[in-house]
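*Asks:* Quick one: the structure is below, and I'll ask about it shortly.
Protein chains: 2
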Amino acid sequence: MAGAAAAVTRRAATLLLSSRFRTPASRVASLIPIVGANNRRFLCASSVSARTAEPAEAASQLGETVKDFRKRLRIDEVKGGPDQGLDWVGKDLTVRGWVRTCRVQSSVTFIELNDGSCLSNMQCVMTSDAEGYDQIESGAVTTGSSILIEGTVVPSQGAKQKIELKVTRLVVIGRSDPTTYPIQKKRATREFLRSIAHLRPRTNTFSAVTRVRNALAYATHKFFQENGFVWVSSPIITASDCEGAGEQFYVTTLIQNDTEGNNFNVSKIPTTKDGKIDWSQDFFGKPAFLTVSGQLNGETYACALSDIYTFGPTFRAENSNTSRHLAEFWMIEPELAFADLNDDMACATAYLQYVVKYVLENCKEDMEFFNTWIEKGIINRLNDVVEKSFVQLSYTDAIDLLVKSKKKFEFPVKWGLDLQSEHERYITEQVFGGSPVIIRDYPKEIKAFYMRQNDDEKTVAAMDLLVPRVGELIGGSQREERLDYLEARLEELNLNKESYWWYLDLRRFGSVPHAGFGLGFERLVQFATGIENIRDAIPFPRTPGSADF
Amino acid sequence: MAGAAAAVTRRAATLLLSSRFRTPASRVASLIPIVGANNRRFLCASSVSARTAEPAEAASQLGETVKDFRKRLRIDEVKGGPDQGLDWVGKDLTVRGWVRTCRVQSSVTFIELNDGSCLSNMQCVMTSDAEGYDQIESGAVTTGSSILIEGTVVPSQGAKQKIELKVTRLVVIGRSDPTTYPIQKKRATREFLRSIAHLRPRTNTFSAVTRVRNALAYATHKFFQENGFVWVSSPIITASDCEGAGEQFYVTTLIQNDTEGNNFNVSKIPTTKDGKIDWSQDFFGKPAFLTVSGQLNGETYACALSDIYTFGPTFRAENSNTSRHLAEFWMIEPELAFADLNDDMACATAYLQYVVKYVLENCKEDMEFFNTWIEKGIINRLNDVVEKSFVQLSYTDAIDLLVKSKKKFEFPVKWGLDLQSEHERYITEQVFGGSPVIIRDYPKEIKAFYMRQNDDEKTVAAMDLLVPRVGELIGGSQREERLDYLEARLEELNLNKESYWWYLDLRRFGSVPHAGFGLGFERLVQFATGIENIRDAIPFPRTPGSADF
Chain A
2 MAGAAAAVTR RAATLLLSSR FRTPASRVAS LIPIVGANNR RFLCASSVSA RTAEPAEAAS
62 QLGETVKDFR KRLRIDEVKG GPDQGLDWVG KDLTVRGWVR TCRVQSSVTF IELNDGSCLS
122 NMQCVMTSDA EGYDQIESGA VTTGSSILIE GTVVPSQGAK QKIELKVTRL VVIGRSDPTT
182 YPIQKKRATR EFLRSIAHLR PRTNTFSAVT RVRNALAYAT HKFFQENGFV WVSSPIITAS
242 DCEGAGEQFY VTTLIQNDTE GNNFNVSKIP TTKDGKIDWS QDFFGKPAFL TVSGQLNGET
302 YACALSDIYT FGPTFRAENS NTSRHLAEFW MIEPELAFAD LNDDMACATA YLQYVVKYVL
362 ENCKEDMEFF NTWIEKGIIN RLNDVVEKSF VQLSYTDAID LLVKSKKKFE FPVKWGLDLQ
422 SEHERYITEQ VFGGSPVIIR DYPKEIKAFY MRQNDDEKTV AAMDLLVPRV GELIGGSQRE
482 ERLDYLEARL EELNLNKESY WWYLDLRRFG SVPHAGFGLG FERLVQFATG IENIRDAIPF
542 PRTPGSADF
Chain B
2 MAGAAAAVTR RAATLLLSSR FRTPASRVAS LIPIVGANNR RFLCASSVSA RTAEPAEAAS
62 QLGETVKDFR KRLRIDEVKG GPDQGLDWVG KDLTVRGWVR TCRVQSSVTF IELNDGSCLS
122 NMQCVMTSDA EGYDQIESGA VTTGSSILIE GTVVPSQGAK QKIELKVTRL VVIGRSDPTT
182 YPIQKKRATR EFLRSIAHLR PRTNTFSAVT RVRNALAYAT HKFFQENGFV WVSSPIITAS
242 DCEGAGEQFY VTTLIQNDTE GNNFNVSKIP TTKDGKIDWS QDFFGKPAFL TVSGQLNGET
302 YACALSDIYT FGPTFRAENS NTSRHLAEFW MIEPELAFAD LNDDMACATA YLQYVVKYVL
362 ENCKEDMEFF NTWIEKGIIN RLNDVVEKSF VQLSYTDAID LLVKSKKKFE FPVKWGLDLQ
422 SEHERYITEQ VFGGSPVIIR DYPKEIKAFY MRQNDDEKTV AAMDLLVPRV GELIGGSQRE
482 ERLDYLEARL EELNLNKESY WWYLDLRRFG SVPHAGFGLG FERLVQFATG IENIRDAIPF
542 PRTPGSADF
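So the sequences go chain by chain: A and B.
For what it's worth, this note's numbering labels the leading residue of the first sequence as 2, then goes sequentially.
For what it's worth, this note's numbering labels the leading residue of the second sequence as 2, then goes sequentially.
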């Protein structure tokens, strides 16, 4: 079966790439004068004549000039404008994509074509006189197959869209056997779709999540770049003792299945005399791990370039099978020099408002999809984030407020308690009616060693930004820039000062007040899309027992 | 010694943060009216009065509104304009940064201040009547110390700069003991600077590399986003068998030093009856590795969203101690659906020209630094890349050309040979006089299984983009979209077809012609800066025996 399908695929593809089916550049240019042959990519760049610019002398003798890069016409460009495509009416164009549905009726066939550039399909209306109608008759145009369509934009009769494409020509590029294609019209469960992570971006939900994730990432870069921050790639593998043991993945070449994939015999691991692993023979000469945070490294660059941010993967070998945890996730960690906790809170707020606004403005269609199908009211919730002032209050005030609420919590409230999800949600959802809230100045016992001690000697200049539904989205702090305070804290916590020599150097040589925060990118994707399980917020989720694809 | 320095640091920092030394917002606004209090960050955001916008009702009762985010004034903003700061003459301003040098003369003191925002220092001229002059006298203002300077911009007498700052007030933020600060004026070797990777961004060379690296990264995102590509995060950890064994790092929790850091006894590794590692007890339930490429994963998303790119870390456990190899490096891997090799070459060319142009336009000062100190002529070389047409020729023609050259190569030239650096450099540097060259259609035996077979059945639709000095910068191919061809190739190479089930699915269901390329980001940084050793092109290099910091 696969063989037969493949043969068809091959024939179709060969056919498609053969000169017979190529659209000559001249014809294309006359077909879509508004677009211009120079701006559009057709299937083969070679099908467009070489550009007229003079090639280098050597080139003219020994090689050919590389052609200009032309964009393929995307459905989003046609339907994504304010007129939803009405300005394209009367134009001839070519689109390529995957068939979502094909409904053959007696006089007319409707093909819904999607190319991933937007949620909208291009509705293609085909009658039996169009070139390639035999492909419809032969049953080659099925859900999941890839096709090329040439046609004329016409106003649509349907309520769902303003325009549709009257097909003049159809070419099947790659078939899709309807009896085995795993994504059928019937709605599949999220669990099932995770088992076909290579195909799930072909669904509405996952293509929309992918586009919004992309927009959030780009908006992140834009925000920091526009504010003078420098992107720094913090290391992924680290042998630094700073990171502390526990919940880390080891990275090693001491164990290696052989090239045939045969399992490794433990006796081959080099050991010292007492049967312990001989780390000196490992790739890095000592134990090495996957990083849990780029912050300490980021601080070194902030103490030279002033304002930096990291955006890269981080890891936890935590055995928790929840909808909020991944073993591999992306983190954004800005670090601001000459800044205190107020600057940090202001930056976190401005950042969050910027990226949410960017998504609301640039992913309208996808956000409406989430608003209808994933989380009713999400657009209003996000608009609130952009428009409302964020509120900050101290941990001590937050505890007061929880105690006074007289509400029964699973974890009873008292000063010193690490706030749980139930408390965080009560504060953002009940007390502040859906506004994001920043809680600051936490007890030092429940926070990390590097956070700056406040004058009360009980609390540190830490802050958590809480949002409705998700809880903590951002955690940050002013860093302890005073060498003696930092050393004292390391000793209090029985941490090995020598391991932190380079981190302490930042306080020895030109120390400056600085602050930063961390944001789990997939949590942000959850927050902005309403997707419930974090495994659906990243293309290929890694969790206990699962690292396929 | 460290203790004494710390005490000073603490005092200075405490002083600085105390209200006594804060500049009230009103005064600041009057000091620098052109800038406006709302746009600038001073040391403490709290020192500026709350914004006038109405806080949420709850907020007014229970918390404070978070302040607006204000940028700190950066030296680049003053000196980076076309007038090199002359338009700031007469204005009062505050800058913060690290002292590069402090020259005390009888009547006047010159402080070169750098804040990492640009290569240029702010030359600060201080006379004994300025506030804080006692700090000069006490020797607290040394190389590496951090200070705050208030002053008035005046035209400079020096030839090196158009303006300087006449100091009205100096505050030492953090001292730097001149007897132990590792970065002294005397030029340090690159090797030594690698051993203090946490401080090397405070040198001219490494701060410039960091800024250019940042510009290349942002330009990468801009290019692809502006062309409709979607950023996809390919997985870092993978248990997929597709990646093939060899030169991979294993990721495991089967070995774990205890929380006290005591070495792990090999006997604790779970084994099967025959003494082999029991992978079923590992975190992912089977052997897992660090990825060597995101391409195959990227293809799955291109076959849904049409045009995507990855930009993330990849890994090689290759034991090579060269100036061209890293164990951890960042890769950019775009993948274009409905595209062939010509589109791929056109995209690679447009991409490279875009990012190089971006750096030339946005990092002028840094590029002039490289042109003077690192690689003479680099600006001309990069201008050539932007302006010259790229030439493409087939591998077969390239072999012809090498044979006809009658040049003696270490690796004798004949058809089927994998081109070596000597051949690549001869072609770009000698034959094409410094132009980038793309070589295409390589023998299938020397290329990867997934590359599309050409009609001659001997070559595949692969391309390598070669540049002067660096050699291969980009490698790409059209992918084999025909299921039967791909399966036959896997069998020929004795690869396990079952492992590739999901990759083959892309050819089973709606297969499309697609193509992509890969680019090692640190090679690009080398290419754009002239930095010779790749270990100096990434903040924290990972190589055999070295994963510190």
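For each residue, glycine too, the CB sits at the ideal point set by N, CA and C.
In this text, all values refer to a predicted model and were calculated from it rather than measured experimentally.
State the Cα-Cα distance for the pair residue 348 of chain B and residue 159 of chain B, rounded to the nearest angstrom.
*Replies:* Cα-Cα distance, rounded: 47 Å.
*Asks:* In angstroms with no decimal places, state the Cα-to-Cα distance between residue 93 of chain A and residue 145 of chain A.
*Replies:* Using only the alpha carbons, I get a separation of about 25 Å.
*Asks:* Counting contacts by CB-CB distance shorter than 9 Å, is residue 470 of chain B in contact with chain A?
*Replies:* So, not an interface residue.
*Asks:* Along the chain, which unbroken stretches of the beta strand (DSSP E) at least 3 residues long are found entirely within the region 415 to 497 of chain A?
*Replies:* Listed in chain order, the complete beta strand (DSSP E) runs (minimum 3 residues) inside the region 415 to 497 of chain A are 438 to 444, 460 to 468, 472 to 479.
*Asks:* Give the single residue among A:248, A:263, A:267, A:266 whose Cα lies nearest to the Cα of residue 258 of chain B.
*Replies:* The candidate whose alpha carbon is nearest that of residue 258 of chain B is A:248.
*Asks:* Under a Cβ-count criterion, where at least 16 other Cβ atoms within 10 Å of its own Cβ denotes burial, should residue 447 of chain B be classed as buried or exposed?
*Replies:* Flag for residue 447 of chain B reads exposed.
*Asks:* By the DSSP assignment, the beta strand (DSSP E) with residue 334 of chain A in it spans what residues?
*Replies:* From DSSP, the beta strand (DSSP E) with residue 334 of chain A extends over 329 to 338.
*Asks:* Give me the DSSP bridge partner(s) of residue 93 of chain B.
*Replies:* In DSSP, residue 93 of chain B forms a bridge with B:153.
*Asks:* Report the residue ranges of all alpha helix (DSSP H) runs contained in full by the region 126 to 186 of chain B; include only those spanning at least 4 residues, in chain order.
*Replies:* For the region 126 to 186 of chain B, whole alpha helix (DSSP H) runs of length 4 or above, ordered along the chain, are 134 to 138.
*Asks:* When you compare each of A:468, A:389, A:390, A:459 to residue 427 of chain A by their alpha carbons, which one comes out closest?
*Replies:* With distances taken between Cα atoms, residue 427 of chain A lies closest to A:468.
*Asks:* Are there 16 or more other CB atoms within 10 angstroms of the CB of residue 320 of chain B, so buried, or fewer, so exposed?
*Replies:* By the neighbour-count rule (16 or more Cβ atoms within 10 Å), residue 320 of chain B is not buried but exposed.
*Asks:* Determine the extent of the beta strand (DSSP E) in which residue 308 of chain A is found, giving its start and end residues.
*Replies:* From DSSP, the beta strand (DSSP E) with residue 308 of chain A extends over 308 to 316.
*Asks:* So, residue 127 of chain B versus residue 115 of chain B, is the Cβ gap smaller than 9 Å?
*Replies:* No, these two residues do not count as a Cβ contact at 9 Å.
*Asks:* By DSSP's criteria, residue 346 of chain B is part of a beta bridge. Which residues make up the other side?
*Replies:* The partner list for residue 346 of chain B (beta bridge, DSSP) is empty, contrary to what the question assumes.
*Asks:* Roughly how many angstroms separate the alpha carbons of residue 501 of chain A and residue 242 of chain A, rounded to a whole number?
*Replies:* About 8 Å.
*Asks:* Look at the alpha carbon of residue 289 of chain A and the alpha carbon of residue 201 of chain B, and state the distance between them as a whole number of angstroms.
*Replies:* Going from the Cα of residue 289 of chain A to the Cα of residue 201 of chain B covers about 23 Å.
*Asks:* Do three or more CB pairs link the region 513 to 530 of chain A to the region 330 to 339 of chain A at distances below 8 Å?
*Replies:* Short answer: they touch.
*Asks:* Does residue 335 of chain A have its Cβ less than 9 Å from a Cβ in chain B?
*Replies:* Closer than 9 Å: no.
*Asks:* So, under 8 Å CB-CB, residue 550 of chain B and residue 541 of chain B are touching, yes? Tell me the CB distance rounded to an integer number of Å.
*Replies:* Their Cβ separation, rounded to whole angstroms, is 5 Å, which keeps residue 550 of chain B and residue 541 of chain B in contact under 8 Å.
*Asks:* Residue 67 of chain B to residue 353 of chain A, Cα distance in whole Å?
*Replies:* In a straight line, the C-alpha of residue 67 of chain B is about 13 Å away from that of residue 353 of chain A.
*Asks:* Less than 9 Å between the C-beta atoms of residue 251 of chain B and residue 253 of chain A, yes or no?
*Replies:* Yes, Cβ-Cβ distance for residue 251 of chain B and residue 253 of chain A is below 9 Å.
*Asks:* Rounded to whole angstroms, what is the Cα-Cα separation between residue 208 of chain A and residue 75 of chain A?
*Replies:* Answer to the nearest angstrom: the Cα atoms are 15 Å apart.
*Asks:* With a CB to CB cut of under 6 Å and the five nearest residues on each side skipped, what residues in its chain are close to residue 379 of chain B?
*Replies:* Counting only Cβ-Cβ distances below 6 Å, and skipping sequence neighbours, we find 371, 372, 531.
*Asks:* Taking the straight line between their C-alpha atoms, what separation do you get for residue 439 of chain B and residue 499 of chain A?
*Replies:* Looking at the two C-alpha atoms, the distance is approximately 51 Å.
*Asks:* For residue 538 of chain A, tell me which candidate among A:225, A:217, A:345 has the shortest Cα-Cα distance.
*Replies:* Comparing Cα-Cα distances from residue 538 of chain A to each of A:225, A:217, A:345, the minimum goes to A:217.
*Asks:* Output the boundary residues of the alpha helix (DSSP H) element that contains residue 384 of chain A.
*Replies:* Here the alpha helix (DSSP H) through residue 384 of chain A covers 379 to 388.
*Asks:* What number of angstroms, rounded off, separates the C-alpha of residue 57 of chain B from the C-alpha of residue 466 of chain A?
*Replies:* Confidence at residue 57 of chain B is low in this model, with a pLDDT of 41, below 50, so the placement of that residue is unreliable and no value is reported for it.
*Asks:* Which two residues bound the contiguous alpha helix (DSSP H) that contains residue 222 of chain A?
*Replies:* Looking at the DSSP string, the run of the alpha helix (DSSP H) that includes residue 222 of chain A is 205 to 227.
*Asks:* Rounded to whole angstroms, how far is the Cβ of residue 221 of chain A from the Cβ of residue 316 of chain A, which I believe are closer than 8 Å?
*Replies:* The pair is not a contact, with the Cβ atoms about 20 Å apart (cut-off 8 Å).
*Asks:* With H, G and I counted as helix, E and B as strand and the rest as coil, what does DSSP make of residue 540 of chain B?
*Replies:* Reduced to three states, the DSSP call for residue 540 of chain B is coil.
*Asks:* Looking at residue 63 of chain A: is its Cβ nearer than 9 Å to the Cβ of residue 199 of chain B?
*Replies:* Cβ distance not < 9 Å, so residue 63 of chain A and residue 199 of chain B don't count as in contact.
*Asks:* Quick check on DSSP: helix, strand or coil for residue 238 of chain A?
*Replies:* It is a strand residue.
*Asks:* Residue 113 of chain A lies in the beta strand (DSSP E); which residues open and close that run?
*Replies:* Its beta strand (DSSP E) spans residues 110 to 115.
*Asks:* By the criterion of Cβ-Cβ separation under 9 Å, what are the contact partners of residue 65 of chain A in chain B?
*Replies:* By Cβ distance, chain B contributes 392, 393, 394.
*Asks:* Closer than 8 Å, Cβ to any Cβ of chain B: which residues of the region 501 to 531 of chain A, in chain order?
*Replies:* Per Cβ criterion, the list reads 503, 504, 506, 507, 508, 509, 510, 511, 512, 513, 514.
*Asks:* Given that residue 329 of chain A touches chain B, what residues does it touch there, using C-beta distances under 7 Å?
*Replies:* What residue 329 of chain A touches in chain B: 236, 237, 238.
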